[in-house]
Amino acid sequence: MRGWFSVRMRAARGCIHEEGGEHLSGCERMIAADAIRSIIDGMLQRIEKHPKGQADAINFRIDRIEEADIVRINALPIENRVAATVEEAEEVAIHCLKESCISPQAARIGVQLIRHLKSSMRGAMILDAESGVRLDETESRGVRLSHMDCEDEEKFLSFLRSHGLNGTKTREALILASKASAMDGYLGELCWSDDPGYVSGYVASTKSYCRITPLKNHANPIGGRILFVKKGLNIPKAIQFLEKKPTLVIA
Ligand code: WAQ
Ligand code: MG
Numbered sequence: 000m001r002g003w004f005s006v007r008m009r010a011a012r013g014c015i016h017e018e019g020g021e022h023l024s025g026c027e028r029m030i031a032a033d034a035i036r037s038i039i040d041g042m043l044q045r046i047e048k049h050p051k052g053q054a055d056a057i058n059f060r061i062d063r064i065e066e067a068d069i070v071r072i073n074a075l076p077i078e079n080r081v082a083a084t085v086e087e088a089e090e091v092a093i094h095c096l097k098e099s100c101i102s103p104q105a106a107r108i109g110v111q112l113i114r115h116l117k118s119s120m121r122g123a124m125i126l127d128a129e130s131g132v133r134l135d136e137t138e139s140r141g142v143r144l145s146h147m148d149c150e151d152e153e154k155f156l157s158f159l160r161s162h163g164l165n166g167t168k169t170r171e172a173l174i175l176a177s178k179a180s181a182m183d184g185y186l187g188e189l190c191w192s193d194d195p196g197y198v199s200g201y202v203a204s205t206k207s208y209c210r211i212t213p214l215k216n217h218a219n220p221i222g223g224r225i226l227f228v229k230k231g232l233n234i235p236k237a238i239q240f241l242e243k244k245p246t247l248v249i250a
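In structure tokens form, the structure reads like this:
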């Protein structure tokens with residue numbers, strides 16, 4: 000086989016997701032044909048080692064991606080900011096958002112929206128960058144970016160290492176943020192992780208991926224993502240791009 004493929008896996012307990020099985024883990028890659036075996040192997044290992052225990056149903060799906068459909072974009076340049084407290088980090092985030100033409104009001108609303116979530120969403124909220132009004136109608140699910148990966152894993156990882164970074168979290172977040180930044184009408188993004196042990200987050204724009212630590216306190220299991228967009232953006236079209244457009248990020 001040749002070309003690019005989307006490989007998706009999800010594992011559940013009890014029975015398959017469609018019959019009410021409990022979600023255990025999932026992941027998705029977009030990779031060249033010759034990497035399929037090793038990626039599937041890695042996904043299987045991930046399931047075997049899952050802290051929540053054994054999977055009862057594992058679903059793999061592999062789809063060819065047409066080369067002509069793929070867009071290639073450059074990874075955003077990485078910056079790092081370290082603050083003394085969460086409050087100070089919030090101010091750094093708001094400052095970065097303002098530099099990307101997001102209004103102070105919308106930036107503060109964004110921070111508060113994530114801060115006050117009762118439970119984490121699976122996807123992102125889309126906000127009007129001027130008023131801070133939520134524009135997507137996906138409620139507690141959010142918009143899930145998908146069909147994206149780095150073009151060359153080795154190059155991408157060595158780009159991260161050159162910034163002293165080696166976590167899969169930054170890898171995945173930089174790919175997601177870079178894809179989002181290529182969307183029409185995009186101005187910026189705010190994110191922090193829902194992983195209780197991971198307190199770094201970031202503000203992204205069309206110019207940079209700015210890591211900010213600590214955007215939440217240790218042991219806090221709530222995270223989230225907000226995309227800030229220009230007024231009047233066609234939201235269904237934007238969601239189509241974020242969810243479906245095959246995108247490879249080049250480091
Ligand atoms: N599309 C849209 N939103 C998503 C997606 C996705 N594919 N995946 C996660 N989210 C949303 C969802 O609301 C999660 O609750 C929230 O983002 C956080 O997701 O460089 O790990 O996967 O060190 O926990 C930042 C890295 C890591 C900073 C972010 O997010 C750094 C992270 P998580
Ligand atoms: Mg997470």
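Each residue of the sequence shown is one higher than the last, beginning at 0 in numbering that gives the first Met the number 0.
Virtual Cβ for every residue (Gly too), placed ideally from N, Cα, C.
On a predicted model such as this, the values are computed, not experimentally measured, just so you know.
Proximal residues to residue i (C-beta, below 8 Å), its chain only, five neighbours per side dropped
| i | result |
| --- | --- |
| residue 176 | 75, 188, 190, 201, 203, 208 |
| residue 16 | 9, 22, 56, 58 |
| residue 216 | 85, 198 |
| residue 49 | 10, 23, 24 |
For residue i, the three-state DSSP class (helix, strand or coil)
| i | result |
| --- | --- |
| residue 75 | coil |
| residue 224 | strand |
| residue 199 | coil |
| residue 193 | coil |
| residue 296 | Any question about residue 296 goes unanswered here, given that the chain covers just 0 to 250. |
| residue 247 | strand |
| residue 11 | strand |
| residue 186 | strand |
| residue 207 | coil |
Nearest residue (CA-CA) to residue i, options the options
| i | options | result |
| --- | --- | --- |
| residue 85 | 67, 250, 219 | 219 |
| residue 243 | 68, 113, 25, 49 | 68 |
| residue 228 | 198, 156, 72, 205 | 205 |
| residue 226 | 154, 125, 173 | 125 |
| residue 25 | 157, 145, 34, 234 | 145 |
| residue 61 | 91, 108, 87, 34 | 34 |
| residue 134 | 185, 199, 154, 2 | 185 |
| residue 148 | 247, 48, 157 | 247 |
| residue 212 | 87, 29, 231, 179 | 87 |
| residue 65 | 80, 29, 165 | 29 |
Same chain, Cβ closer than 7 Å to residue i, five either side skipped, listed in chain order
| i | result |
| --- | --- |
| residue 106 | 93, 96, 97 |
| residue 230 | 127, 129 |
| residue 139 | 120 |
Rounded straight-line distance, which links the Cα of residue j to that of residue i
| i | j | result |
| --- | --- | --- |
| residue 238 | residue 182 | 10 Å |
| residue 254 | residue 161 | Not covered by the structure: residue 254. The range shown for the chain is 0 to 250. |
| residue 168 | residue 249 | 17 Å |
| residue 143 | residue 83 | 32 Å |
| residue 52 | residue 141 | 27 Å |
| residue 127 | residue 151 | 34 Å |
| residue 38 | residue 31 | 10 Å |
| residue 43 | residue 11 | 13 Å |
| residue 54 | residue 102 | 46 Å |
| residue 0 | residue 114 | 46 Å |
| residue 72 | residue 196 | 31 Å |
| residue 78 | residue 19 | 42 Å |
| residue 235 | residue 241 | 10 Å |
| residue 3 | residue 104 | 42 Å |
| residue 123 | residue 153 | 28 Å |
| residue 233 | residue 47 | 42 Å |
| residue 14 | residue 91 | 45 Å |
| residue 70 | residue 112 | 31 Å |
| residue 210 | residue 178 | 17 Å |
| residue 99 | residue 117 | 28 Å |
| residue 5 | residue 89 | 36 Å |
| residue 214 | residue 155 | 25 Å |
| residue 174 | residue 245 | 12 Å |
Cut-off 6 Å between Cβ atoms - residues of its own chain near residue i, not counting five sequence neighbours on either side
| i | result |
| --- | --- |
| residue 119 | 193, 221, 222 |
| residue 130 | none |
| residue 27 | 7 |
| residue 45 | none |
| residue 108 | 131 |
| residue 224 | 123, 190 |
Heavy atom of ligand 3 within 6 Å of residue i beta-carbon
| i | result |
| --- | --- |
| residue 194 | Ligand 3 is not among the ligands present in this structure, which contains only ligand 1 and ligand 2. |
Could you pull out every unbroken alpha helix (DSSP H) segment of at least 4 residues lying fully inside the segment 91-165, listed in chain order? 103-114, 152-160
Segments assigned beta strand (DSSP E), at least 3 residues, entirely inside the segment 18-73: 21-31, 56-64, 70-73
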